[in-house]
Amino acid sequence: MSHDLLLKISVVILFLPLLSFLIIVFNQKRLGKAAGIIGTSILGIDLVLAAIVAFNKFVVYPNEAIIQWKFHWFSLGNRTIDLGLGVDNLAAMMLIVVTLISFLVHLFSTEYMSEDKRFPRFFSYLGIFTFSMLGIVLANNLLNMYIFWELVGLSSYLLIGFWYEKDSASNASKKAFITNRVGDLGFFAGIMIAFFTFNTFMFDEIFSQIRSGVLPFESGTILTAMGILLFAGAIGKSAQFPLHVWLPDAMEGPTPVSALIHAATMVAAGVYLTAKIFPVFTADALTFVAYTGAFTAFMAATIGITQNDFKRVLAYSTVSQLGFMVMSLGVGAYTYGFFHLVTHAWFKACLFLASGSVIHAMHHAMHKLHDHHSDPQDIRNMGGLRKTMPKTYLTFLFATIAISGVPLTSGFLSKDGILAGTLAFGNLSGHWLIPAMAFISAGMTAFYMFRLTIVSFFGDFKTEIASKTHENNTQIVLPLVVLAILSLWVFYSFNPIDASSGWFAKAFKPVETVVPAEYQFDFMMPYHDAHATESTEVSHGSHSYLNKFEEELHHQHYTAMFLSLAIAGFGILLSFIFYYYKKVDPDKVANSIKPLYLLSYNKWYIDEIYQKTFIGGTILLTKLMFWIDTYIIDGAVNGVAFIWRIFGTFVGKFDNGVVDGLVNLSGGVVGFSGSIVRKLQTGRVQTYLLLSIIGVILLLWWLF
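The numbering of the sequence shown is our numbering, which starts it at 1219 and goes up by one.
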């Protein structure tokens, strides 16, 4: 397949979901349930086309960095604004991830949302969201990515707040939208620094200029700042601390939305962006990225341990796993960071859709029992579901095993690589806090995921509702089976304990940094070694280099594997001791460490802190502005008006009393004089003659 045809198919892949949106949104009443068939069919076609593009990129053009198309949009002074799209290995893999997850969510939703009164609208929103996400994936420049980045924010707002009549849903959608705007502001600032420095938005052109020595303001510090500002967009979208607070609340949206947004697509956008701009990160920026990811993974894992809402546990699990991905990129384990993004997409989508299967069954059971007060998402109302929902249970269990990092799963391969990367980073840089947080988080992940599985599916029914549940039909179960199968190790490497020899690791080799040597980690600088073996070489163009970090990562593989297995095994064992065998009472343990338990249960009080500081401060500021507007600005305006009103009253009275008085007096005198003189005008000659004689006499008297 030629480059042109490959790019044309990519354009079709991008716009097919938009076509789905337009067809459905303008024909909602006419289509009804057919909207689900149309949306699912279009996404099925999209998935097939994405598979064709990925096959050609990985098999036909494996050695080409990117196949792209650029076009001139307009000029801005002496700068030109170019747009376009491109297919590299990252984009090709993400096309498969986004279209497959979206297709399965569409299929799942045809049954899950069948009784919803806004059924067609839901599928139209799924279409516009998928279009927006594919736009991010295919962007070969920062401007395109930012445009679709904001479209993803808009469509996620619509999906999270789909049931807007619920205050919790509308509040969650606003929270997600506003929180993401904070990160997007930093992202926009980073884009502006890049554009006004390099006069282009294109990734390859920016990388080329930095490689040739062009830096923002000729400063490595500003280059670091630019990288961190661009990463701020990922902090928002991928729910990294401190902007992670929106994602758990976003569970208020329909469960298929949780699978689509929080498993593989929207939250993965930040990790994808970080991987795309990885070559521009300086050592300081990478350290910032690594610590952000490590702390996010640790913090979210501690919170997931104590939550009782089925979807909320999975939400904090998502935040934690996103932290793993970001941390992996920060420490330099580029391949495994993206690898975990892909593997996590499958098993986390499986977990979320399985949770939807459980909640769907619980809702139906509540409806049968006319119980409208119980919480169908509280795991304390479940128990024993493996008896009534065996297929959902088996797929959920397998996805749980995968996310816990148990061998023979994809999660084991990707997580093992990440943990080995943190050990290599700690050994070479001295930042040992990062691997410590990573391994502890891995252990807690195994603990809380098996806690969720045991409490929900094992033991006796805790409520009558749970006993009345039953397995769902094929539209709901089939996506779970597909995603569970994709969580096997064999799809990425035939070696079940080491992914480095698999096709995935070969397709996503570590990328070459473009940052000047003085701003890189010493241990990440590639150097020439004539004696390097093929197994330790990383090829960059025509040169052969040995990367010390890659070598150290390889050396740490077995150490990380045995440590992670021991820690994950310990976490799983603890879950069984606490919740299956019940050798230890969790409530007694919680009471014995009550401050720590409350810290975890109340999510580190971060929402409360934000409420008291940023939100409370904003409200206080608005009240202050209202007071200033009411009493100072309006007071000044009203005061001036009062003074002018008094002055106007005085002027009015002066005008009426003095000016008009004088005028009226003059007129009155003239009128009075006229009235007197008028009486002399009798019209008789005798009178005029008499008056004339009197006048003459008076005149003579006055003269003499």
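The beta-carbon is built from N, C-alpha and C at its ideal position, and this holds for glycine as well.
In the three-state scheme derived from DSSP, where H, G and I count as helix and E and B as strand, Ser1793 is classed as helix. Assignment of Val1544 by DSSP, reduced to helix, strand and coil, places it in the helix class. Beta-bridge analysis with DSSP links Gln1829 to no other residue. Look at Leu1461 here: in three-state DSSP terms it is coil, with no helix or strand label.
Cα atoms of Ser1373 and Lys1247: separation of roughly 21 Å, rounded to the nearest angstrom. With 16 or more other CB atoms across the displayed protein chains lying within 10 angstroms of its CB, Gln1539 is buried. Around the beta-carbon of Pro1608, fewer than 16 other beta-carbon atoms lie within 10 Å, marking it exposed. Around the CB of Pro1728, 16 or more other CB atoms lie within 10 Å, so the residue is classed as buried.
In this structure, Ala1567 is the residue among Val1699, Phe1788, Ala1567, Phe1614 with its C-alpha nearest to the C-alpha of Thr1536. In the three-state reduction of the DSSP assignment, Gly1302 falls in the strand class, which pools E and B. Runs of the beta strand (DSSP E) spanning 3 or more residues and lying entirely within the stretch 1370-1433 do not occur at all. For Ile1227, the enclosing alpha helix (DSSP H) begins and ends at 1221-1243. In the three-state reduction of the DSSP assignment, Arg1336 falls in the coil class, being assigned neither a helical nor a strand state. Contact between Met1662 and Ile1523 holds, with the beta-carbon distance rounding to 6 Å and staying under 8 Å. Around the CB of Arg1530, 16 or more other CB atoms lie within 10 Å, so the residue is classed as buried.
By a beta-carbon distance limit of 8 Å, Ser1628 contacts Thr1561. Their separation comes to about 4 Å. In this structure, Ile1285 keeps its C-beta atom at 8 Å or more from the C-beta atom of Leu1361.
For the set Asp1825, Gly1889, Lys1830, Gly1913, the Cα lying nearest the Cα of Ala1390 is the one of Asp1825.
When secondary structure is reduced to three states using DSSP, Ala1283 falls in the coil class, being assigned neither helix nor strand. Assigned with DSSP and collapsed to three states, Asn1359 falls in strand.
One alpha carbon belongs to Ser1705, the other to Ser1711, and they sit about 12 Å apart. Pairwise C-beta distances place the stretch 1642-1652 out of contact with the stretch 1583-1590, as fewer than three of them are shorter than 8 Å. Taking C-beta atoms as the reference points, Ile1255 and Leu1234 fail to come closer than 8 Å. For the 8 Å CB-CB criterion, Val1266 and Ala1563 do not form a contact. Note on geometry: alpha-carbon atoms of Ser1320 and Leu1839 lie some 42 Å from one another. When DSSP states are grouped into helix, strand and coil, His1558 belongs to the helix group.
The C-beta of Gln1904 has fewer than 16 other C-beta atoms within 10 Å across all chains shown, which makes the residue exposed. The three-state reading of DSSP puts Asp1634 in helix, counting H, G and I together. Secondary structure note for Ile1652: its alpha helix (DSSP H) is the uninterrupted segment 1651-1675. According to the DSSP assignment, Ser1437 belongs to no alpha helix (DSSP H), since it is labelled neither H nor E.
By the Cβ-count criterion, Trp1464 is buried, with 16 or more other Cβ atoms from all chains shown falling within 10 Å of its own Cβ. In terms of Cβ geometry, Ala1493 and Tyr1552 form a close pair [threshold 8 Å].
Here Phe1726 has Asn1307, Leu1308, Met1311, Tyr1552, Thr1553, Phe1556, Phe1557 as same chain residues with Cβ atoms under 8 Å from its own Cβ, once five neighbours each way along the sequence are excluded.
Listed in chain order, the non-local C-beta contacts of Gly1379 below 6 Å within the same chain comprise Ala1387, Ser1388, Ser1391, local neighbours out to five positions each way being set aside. The beta-carbon distance between Phe1347 and Ala1253, rounded to whole angstroms, is 15 Å. This is too long to meet the 8 Å contact definition. At the C-beta level, Tyr1611 and Phe1657 stay beyond 8 Å of one another.
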